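Residue numbering for the sequence shown follows my numbering, starting at 102 and increasing by one per position.
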Amino acid sequence: MRFVHIADLHLGKKIKSIRGDIELDFSSPIKQINEIMKEFKPNFLFVSGDVFHYRNPSQDAEELFIEFLLNSYENVDYTFVISGNHDNPKKLSNIYLFNRYINRLSRKKIFIYTDLDLRKDVEQENLKPINCDNVDIIMIPFIEYRSAINAFYNIGVEKEFAYSFVHSTLVSKFLENSVNKVKILLGHMYLENSVLSGTESKNFINSIYYVKSNDLDDRIIYCALGHVHRFQKVGPKNVFYSGSVIPLDFSESFDHGIILGEITDKFPKISFEKLNYKEFMILQESQDLFEKIEKNKDKYLKVLYTSLSSEVLEKVIKFDNVLKIQKVDDNSFTIDRKSDSVVITDAFDILEMYRKYCEIEKREELFPNLINKLTEIEKMII
Ligand SMILES: [Mn+2]
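Below, the structure is given as structure tokens:
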């Protein structure tokens, strides 16, 4: 049995730049994935969440995804899609309406499963894997912390373990109804010990969202994960993030692509296929800055400087490939990403979460006025 595992497409994502919003090119990577599938002929395609970047994706982004799904009808027997934290579950369900109809007419199938579906199945005690050609597929879309905790409010597990516990409970419920030996899990989650990239949503990659590797059942022979944007295997088991299919901003200067897998006798063999895409590159102020900008016409550039004159800067921003310029303090050009993955200790503390958001995203402090208002509101709720 052969499969393709992709995740974190973030279709429609735009980059803020000195010349306005730049739309990333997704049609080329999608085309490449289609071509790979045509050649590799997988039985299964796994899309592990974050299909769209914005909750209300553009018409173009939506069209691209629908075309991608139609293409997978040609090249793949079974396609599975789960929702990620970026996805609007309603949007994905609506796209699924068409596929549900086509599914009835075709031997080939497409399944889209969102957190709303999961919630419904939990309520109706109807958690069971989808069985295709003697393979059991378990799907766990991204679950928001609060709804995870609400679903299992009386579990009596400490807060920091609760989220992981909810996942292990769900997996074992699914497994109770699993009959086939080959069990595959699709999930959109932040696994403990995974190595982050720079573009995951800060609100969903803190320690309360940790899922422990041990909570992923040993009987699952391949975990196709999404959420962390860097391709990697986590731990000794066959737990893989395929990473985002293309770099999503300047913090992702490592290889991006998709996973091809083949399972014989319960042992998955995995290979990583890098795609061709436009790269992001950070240039530092130097004597040969203009040559470097010229030489990297095919990349998106960000220029860091300490002391360039405004005349030089004006010349710099005339180059189409320069998306950002940034003045950095002192002579160290190091950008500290560590401070960006600040641990948010209490997900119930809205004020604290918003403060962190402002600190990380906007790099500014909260207005005292807002603090007072929010505190008032909180008091009303409690
Ligand atoms: Mn993502």
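Every residue, glycine too, gets a C-beta built ideally from N, C-alpha and C.
These figures come from a predicted structure and were not determined experimentally.
If you draw a straight line from the C-alpha of residue i to the C-alpha of residue j, how long is it?
i	j	result
residue 125	residue 117	11 Å
residue 196	residue 184	12 Å
residue 403	residue 383	5 Å
residue 147	residue 167	15 Å
residue 439	residue 315	Confidence in residue 439 is poor, its pLDDT being 40 and thus under 50, which makes the residue's placement too unreliable to answer from.
residue 454	residue 304	8 Å
residue 313	residue 288	13 Å
residue 442	residue 205	Legend: pLDDT at residue 442 = 40, less than 50; position of this residue unreliable, value from coordinates given subsequently. Distance between the alpha carbons of residue 442 and residue 205 is about 45 Å.
residue 494	residue 328	In the structure as shown, the chain begins at 102 and stops at 483. Residue 494 is therefore absent and cannot be evaluated.
residue 225	residue 274	12 Å
residue 229	residue 281	12 Å
residue 286	residue 317	9 Å
residue 263	residue 415	53 Å
residue 348	residue 417	23 Å
residue 397	residue 132	24 Å
residue 163	residue 310	29 Å
Report the three-state DSSP secondary structure of residue i (helix, strand or coil).
i	result
residue 118	strand
residue 192	helix
residue 169	helix
residue 484	The shown model of the chain, from 102 to 483, leaves out residue 484, and the question about it has no answer.
residue 103	strand
residue 400	coil
residue 138	helix
residue 444	Confidence at residue 444 is low in this model, with a pLDDT of 42, below 50, so the placement of that residue should be treated as unreliable; the coordinate-derived value is given next. DSSP places residue 444 in coil when its eight states are reduced to three.
residue 435	Because the pLDDT of residue 435 is 48, which lies under 50, any placement of that residue in the model is unreliable, and the number read from its coordinates should be weighed accordingly. Residue 435 falls in the coil class under three-state DSSP.
residue 289	strand
residue 469	helix
residue 369	strand
residue 237	strand
residue 420	coil
residue 47	This structure cannot settle anything about residue 47, because the visible part of the chain is limited to 102 through 483.
Thinking residue i and residue j are a contact (beta carbons under 8 Å), I'd like their distance in whole angstroms, please.
i	j	result
residue 151	residue 111	6 Å
residue 137	residue 174	In fact, because the Cβ distance is near 16 Å, the residues do not count as touching under 8 Å.
residue 394	residue 423	6 Å
residue 481	residue 283	Not confirmed; about 53 Å, so no contact.
residue 360	residue 343	5 Å
residue 129	residue 323	Between residue 323 and residue 129 the Cβ distance is about 28 Å, and since that is not below 8 Å, they are no contact.
Thinking C-beta only, is residue j closer than 7 Å to residue i?
i	j	result
residue 178	residue 144	yes
residue 213	residue 193	yes
residue 292	residue 236	no
residue 216	residue 242	yes
residue 238	residue 231	yes
residue 113	residue 158	yes
residue 362	residue 374	no
Measuring only between beta-carbons, confirm whether residue i sits less than 7 Å from chain B.
i	result
residue 393	Checking the listed chains, one finds no chain B in this structure; it contains a single protein chain.
Please go through the stretch 329 to 358 and give each complete beta strand (DSSP E) segment of 3 or more residues, from N-terminal end onward.
Fully enclosed beta strand (DSSP E) runs of 3 or longer: 340 to 342.
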